[in-house]
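**Q** Sending over a structure as structure tokens; questions will come in a sec.
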Amino acid sequence: MKSTIAWRLTVIATFLGTSLAASLGQTSQSALAAPYGIVYTRDYLKQLNQEKLLIDVGKSKKGLEYHGGPVIAQAKVYAVMWGGTVDSQIQTGIGGMLTATLNSSYFDMLKEYDTTINTADGRNGTQQHIARGQFAGQITIQPANAKLSITDDEIGAELEHQVQIGALPAPDANTVFMTYFPAGMTIDLGGSLSCQVFCGYHHNYKSAAYGMILYGVHPDLGGNCAFGCGVGNNKFENQTSVTSHELVEVVTDPAVDQNTGPTYPSAWSTTIGEEIGDLCASENTTLTVSDGTTYLLQQAWDNASEQCAAGPFQSP
Ligand SMILES: [Zn+2]
Numbered sequence: 011m012k013s014t015i016a017w018r019l020t021v022i023a024t025f026l027g028t029s030l031a032a033s034l035g036q037t038s039q040s041a042l043a044a045p046y047g048i049v050y051t052r053d054y055l056k057q058l059n060q061e062k063l064l065i066d067v068g069k070s071k072k073g074l075e076y077h078g079g080p081v082i083a084q085a086k087v088y089a090v091m092w093g094g095t096v097d098s099q100i101q102t103g104i105g106g107m108l109t110a111t112l113n114s115s116y117f118d119m120l121k122e123y124d125t126t127i128n129t130a131d132g133r134n135g136t137q138q139h140i141a142r143g144q145f146a147g148q149i150t151i152q153p154a155n156a157k158l159s160i161t162d163d164e165i166g167a168e169l170e171h172q173v174q175i176g177a178l179p180a181p182d183a184n185t186v187f188m189t190y191f192p193a194g195m196t197i198d199l200g201g202s203l204s205c206q207v208f209c210g211y212h213h214n215y216k217s218a219a220y221g222m223i224l225y226g227v228h229p230d231l232g233g234n235c236a237f238g239c240g241v242g243n244n245k246f247e248n249q250t251s252v253t254s255h256e257l258v259e260v261v262t263d264p265a266v267d268q269n270t271g272p273t274y275p276s277a278w279s280t281t282i283g284e285e286i287g288d289l290c291a292s293e294n295t296t297l298t299v300s301d302g303t304t305y306l307l308q309q310a311w312d313n314a315s316e317q318c319a320a321g322p323f324q325s326p
């Protein structure tokens, strides 16, 4: 995870109302090599000159393949506020979005990524069925690590610490901590910085005490991220878009390995390591709740139809 460009690219979205397009360059092969489920900023994509690459490659590779690792069968998602100054709209709104998304026709599509199959090379699947999940609550932590620039490893260690002191629940194989950071903080993922290179990612932390701690990392999408992340019309919509991308990815590929690309214990990704959200990162959709509330989500790849599932989607 030390090379800035050795990560899989995620297409970001509609840019000023028009779909981005660019050509496949040499750099893109290495950029696609290893996964974090990153959503990249548009500025970074422009540097790589490959905005359109992933969708085209994904379609040509027949979508997602199973590599034998676990999925999350019944996601139990916590929204974790990194201190008390996270964007107020996130604090008041992201729980509703997660509640609706985890209990929706959007989430039902993930059933086709059950692991009751064998891999192409004969490895037995983990025999899991992906059901709807649940939003388990929102927790504001007071990080022991108060640095304003924090590394991915430090995020994992902080989550473990918060579990140890009882601020966060002990995680099991279904637990996901979706972390939201305040403005002014920078996340360093092996030398690549939030809002310069990425808008969000998902990863895991190997804890001796608790096993694999699964989490999503969501920097504040203002500042340098304001015009470079998500497919929405405003900061909150951009965050729900990025959040949906990382949510479906952590469910279908929780043990994603940052170094080796799509091999066990990864679960579902393309032959070059793109995950379910990466193939559709320029496409938005909506999720409407029975009370009329509508959330902007990002589309996810549907293997059955070999395209991004367009929606719109509903939550009861
Ligand atoms: Zn992704």
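According to our numbering, the sequence shown is numbered sequentially starting from 11. We treat Cβ as the ideally placed atom computed from N, Cα and C, and that holds for glycine. Since the structure is predicted, the reported quantities are computational estimates derived from the model, not experimental observations.
(1) In chain order, what residues of the same chain have a beta carbon less than 6 Å from the beta carbon of ALA177, not counting five sequence neighbours either side?
(2) Tell me which residue opens and which closes the beta strand (DSSP E) that ASP198 is part of.
(3) Is VAL207 near ligand 1, with its Cβ less than 7 Å from a heavy atom?
(4) Any heavy atom of ligand 1 closer than 7 Å to the CB of GLY283?
(5) Here's the rule I'm using: 16 or more other beta-carbon atoms within 10 Å means buried, otherwise exposed. How should ASP301 be labelled?
(6) Which partner residues does LEU108 have in the DSSP bridge list?
(7) Leaving out five residues on either side along the sequence, give the residues of the same chain with a beta carbon under 7 Å from the beta carbon of SER114.
(8) Going by beta carbon distance, what residues of the same chain come within less than 6 Å of ASN234, once the five residues before and after it are set aside?
(9) Check whether the Cβ atoms of THR253 and MET107 sit closer than 8 Å, and answer yes or no.
(10) Can you tell me whether GLY238 sits near ligand 1, meaning its C-beta is under 7 Å from at least one heavy atom of the ligand?
(11) Quick check: the Cα distance between CYS318 and LEU306, rounded to an integer number of angstroms?
(12) Check whether the Cβ of ASP288 lies closer than 7 Å to any heavy atom of ligand 1, and answer yes or no.
(13) Which residue wins for smallest C-alpha separation from GLY135, given the options THR109, ALA83, GLY78, GLU164?
(14) Please report the distance separating the alpha-carbon of LYS121 from that of VAL258.
(15) Look at LYS245 and ASP97 and say whether their C-beta atoms are less than 8 Å apart.
(16) CB CYS290 to CB THR51, shorter than 8 Å?
(17) What's the gap between the Cα of LYS157 and the Cα of GLY166?
**A** Taking the geometry as given:
(1) ILE151
(2) 196-199
(3) no
(4) no
(5) exposed
(6) Looking at the DSSP assignment, LEU108 forms no beta bridge with any residue, so it has no partner.
(7) LEU297, PHE323, GLN324, SER325
(8) CYS205
(9) yes
(10) no
(11) 15 Å
(12) yes
(13) GLY78
(14) 11 Å
(15) yes
(16) no
(17) 14 Å
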